[in-house]
């Protein structure tokens, strides 16, 4: 099981706590994590990445192991610590706005 | 006794304000969808317990919410929490937030371009739903006006949305341009006598009408004069802020344009100005009395560069003659140091007798008059900036 930390508004929509646990088949990448997340929580479709282009929404970032993976290609492997569940993939909203 | 339920969308959530038919004691519930922008909430005329809401965010995009019990509980259509994530037919749920322009050969139009602020062409890109208009007869059917301007429809209670692409694909599309607030389709009027006729308005393209249920559209902007665009009499490019109609006379339309209050007596084929003695004819809202089709309301705003009332006095104006002759309505409204705005979807009327009139401000107040505008009082105040106000009259 891997761990994903969601921003507060998405936790509310998905009726979850701060962190969700997911089974992800195959290699662990941003794409495979988000695919699995959207299967378990279909109400989050389109809210993290575009429905069609699958591009990350501009005000969201992906962090893991104190590194920013937001600009990595979606099929770049994520660290082993995320794959083992030791560290979470953190989806975080930009600190901006009023 | 009758009741009224006022649906208030704000910059930071939604609120429901309720009262009995006397409209003197009000209860407030909310915030719903706290922290999100609620551009619009509206109830189905065919089933007042069915409500739709547009929940949106610069971070997370668009969510459509639906209530089947008058606003007590809400869910994203098709994706109730804790239920299976696919339908029995194997279709993945989670399509209710999906607004994708129809570029298919069979039903759609190629992804066209429109004019950007700098004059260049830019492809349509979905940003948010500005306005939801439930069908007059079917609770599961509703229309959504979106930015970048297009019209979508659901026929399954909001589970899925499909573009009526004939509008975006209208040949004038490359000349449409965003107003300062974005290129939004903000007004949808359904003709109660002719289900094939729909009016819409876009900032800043103008007004359009379909007479074939949305397949083809015609610009209806003749008579509009906008001095701030290269051709003041252009077929499209006018910044229409709002259109209103009385259901008993669907061919008579009233418009608050960027500047000018306008009227058409022939379903938009020709407009004439009825600003008359208004102190300023800039503004956003316009609406029609529920029982007097020639009585209309606006809230004049000083100018396009100063979005607040003149002289710090919040005044609605009423015309009992379908325009031109206006009287200020001030009793109960702040008459000093008031510098709020009233946005385009933030005025409505109930259908009680006497007619109730409501409007919300960017200062977070919702004002109501239970006597057609003679006397006003805040039914709630100190909310986040109000984006939209709708009212349901309930038995």
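Residue numbers (this note's numbering), protein chains in the order written: chain S, 1 to 98; chain E, 99 to 493. For each residue, glycine too, the CB sits at the ideal point set by N, CA and C.
Among the options, the one whose alpha carbon lies nearest that of residue i
i	options	result
residue 351 of chain E	E:215, E:374 and E:285	E:285
residue 412 of chain E	E:344, E:400 and E:363	E:400
residue 264 of chain E	E:289, E:287, E:257 and E:298	E:298
residue 435 of chain E	E:308, E:277, E:407 and E:335	E:407
residue 227 of chain E	E:160, E:164 and E:173	E:160
residue 433 of chain E	E:414, E:169 and E:308	E:414
residue 323 of chain E	E:315, E:336, E:313 and E:292	E:336
residue 88 of chain S	S:95, S:72, S:65 and S:49	S:65
residue 338 of chain E	E:387, E:291 and E:279	E:279
residue 90 of chain S	S:46, S:27 and S:33	S:33
residue 254 of chain E	E:386, E:174 and E:389	E:174
residue 166 of chain E	E:256, E:294, E:402 and E:208	E:256
residue 206 of chain E	E:262, E:466 and E:158	E:262
residue 348 of chain E	E:201, E:328, E:288 and E:372	E:288
residue 267 of chain E	E:195, E:312 and E:296	E:312
residue 382 of chain E	E:405, E:425 and E:113	E:405
residue 389 of chain E	E:277, E:291, E:448 and E:171	E:448
residue 217 of chain E	E:419, E:163 and E:277	E:277
residue 356 of chain E	E:365, E:200, E:126 and E:325	E:325
residue 83 of chain S	S:8, S:18, S:23 and S:40	S:23
8 Å contact criterion, which residue i and residue j should meet: CB distance rounded
i	j	result
residue 251 of chain E	residue 239 of chain E	7 Å
residue 454 of chain E	residue 121 of chain E	6 Å
residue 244 of chain E	residue 197 of chain E	6 Å
residue 464 of chain E	residue 476 of chain E	7 Å
residue 192 of chain E	residue 42 of chain S	3 Å
residue 59 of chain S	residue 30 of chain S	No, residue 59 of chain S and residue 30 of chain S are not in contact; Cβ-Cβ is about 16 Å, not under 8 Å.
residue 140 of chain E	residue 117 of chain E	Going by Cβ atoms, the distance from residue 140 of chain E to residue 117 of chain E rounds to 19 Å, so no, they are not a contact pair.
residue 470 of chain E	residue 424 of chain E	Wrong, their Cβ atoms sit about 14 Å apart, outside the cutoff.
residue 474 of chain E	residue 441 of chain E	Not quite, the Cβ-Cβ distance comes to about 18 Å (not below 8 Å), so this is no contact.
residue 85 of chain S	residue 18 of chain S	Wrong, their Cβ atoms sit about 15 Å apart, outside the cutoff.
residue 158 of chain E	residue 47 of chain S	4 Å
residue 249 of chain E	residue 209 of chain E	So it is not a contact: roughly 16 Å between Cβ atoms.
Sequence-distant residues of its chain with Cβ nearer than 8 Å to residue i (five each side left out)
i	result
residue 144 of chain E	232, 233, 234, 235, 236 and 237
residue 281 of chain E	212, 245, 246, 247, 274, 275, 300, 301, 302 and 303
residue 370 of chain E	321, 360, 361 and 362
residue 111 of chain E	128, 129, 130, 131, 132, 133, 134, 136 and 482
residue 367 of chain E	318 and 320
residue 376 of chain E	359, 396, 398, 415 and 424
residue 292 of chain E	309 and 348
residue 16 of chain S	6 and 41
residue 452 of chain E	468, 469 and 470
Residues bridged to residue i [DSSP beta-bridge criterion]
i	result
residue 203 of chain E	In the DSSP output, where bridge partners are listed per residue, residue 203 of chain E has none listed.
residue 70 of chain S	Per DSSP, none; premise fails for residue 70 of chain S.
residue 77 of chain S	S:29
residue 245 of chain E	E:226 and E:282
residue 63 of chain S	S:68 and S:90
residue 453 of chain E	DSSP, once it has assigned bridges, lists no residue as partnering residue 453 of chain E.
residue 494 of chain E	Since the first residue of chain E shown is 99 and the last is 493, residue 494 of chain E is not available in this structure.
residue 426 of chain E	E:415
residue 238 of chain E	Per DSSP, none; premise fails for residue 238 of chain E.
residue 173 of chain E	E:164
residue 354 of chain E	E:340 and E:359
residue 466 of chain E	E:456 and E:475
residue 49 of chain S	S:56
Nonlocal neighbours in the same chain, by C-beta distance under 6 Å from residue i, ignoring five residues either side
i	result
residue 384 of chain E	340, 342, 352, 354 and 396
residue 461 of chain E	438
residue 138 of chain E	107, 152, 229, 230, 443 and 486
residue 142 of chain E	148, 232 and 237
residue 194 of chain E	162, 174, 175, 176, 256 and 257
residue 428 of chain E	413
residue 478 of chain E	115, 126 and 464
Neighbourhood of residue i by C-beta, 7 Å cutoff - its chain only, sequence neighbours within 5 removed
i	result
residue 44 of chain S	10, 13, 14, 37 and 38
residue 346 of chain E	391
residue 446 of chain E	385, 456, 487, 488 and 489
residue 179 of chain E	In this prediction, residue 179 of chain E has a pLDDT of 48, which is less than 50 and means its spatial position is unreliable; what the coordinates show is noted afterwards. So the list is empty, once near-sequence residues are dropped.
residue 99 of chain E	118 and 119
residue 309 of chain E	294 and 295
residue 49 of chain S	34, 55, 56 and 57
residue 270 of chain E	317, 333 and 334
residue 225 of chain E	245, 246 and 280
Listed from N- to C-terminal order along the chain, which residues in the stretch 195-222 of chain E have their beta-carbon within a distance smaller than 9 Å of any beta-carbon of chain S?
-> 195, 196, 197 and 198
For the stretch 110-140 of chain E, enumerate the residues whose C-beta is nearer than 9 Å to any C-beta of chain S, in chain order.
-> Residues of the stretch 110-140 of chain E with a C-beta less than 9 Å from any C-beta of chain S: 131, 132, 133 and 134, listed in chain order.
Pull out every residue of the stretch 42-58 of chain S whose Cβ sits closer than 7 Å to any Cβ of chain E, in chain order.
-> 42, 43, 45, 46, 47, 51, 52 and 57
Of the residues that make up the stretch 138-162 of chain E, which ones have a beta carbon closer than 8 Å to any beta carbon in chain S?
-> 155, 156, 157, 158, 159, 160 and 161
Taking Cβ-Cβ distances below 9 Å as the criterion, which residues of the stretch 78-96 of chain S are in contact with chain E?
-> 93, 94 and 96
Residues from the stretch 255-288 of chain E in contact with chain S, defined by Cβ distance under 9 Å = none
Of all the residues that make up the stretch 31-42 of chain S, which are near chain E by a beta-carbon distance shorter than 9 Å?
-> 38, 39, 40, 41 and 42
Between the stretch 321-345 of chain E and chain S, which residues of the former have CB atoms less than 7 Å from a CB of the latter, in chain order?
-> none
Members of the stretch 58-73 of chain S near chain E, C-beta cut-off 8 Å = 59 and 60
Residues within the stretch 3-15 of chain S neighbouring chain E, beta-carbon criterion of under 9 Å | 7, 8, 9, 10, 12, 13, 14 and 15
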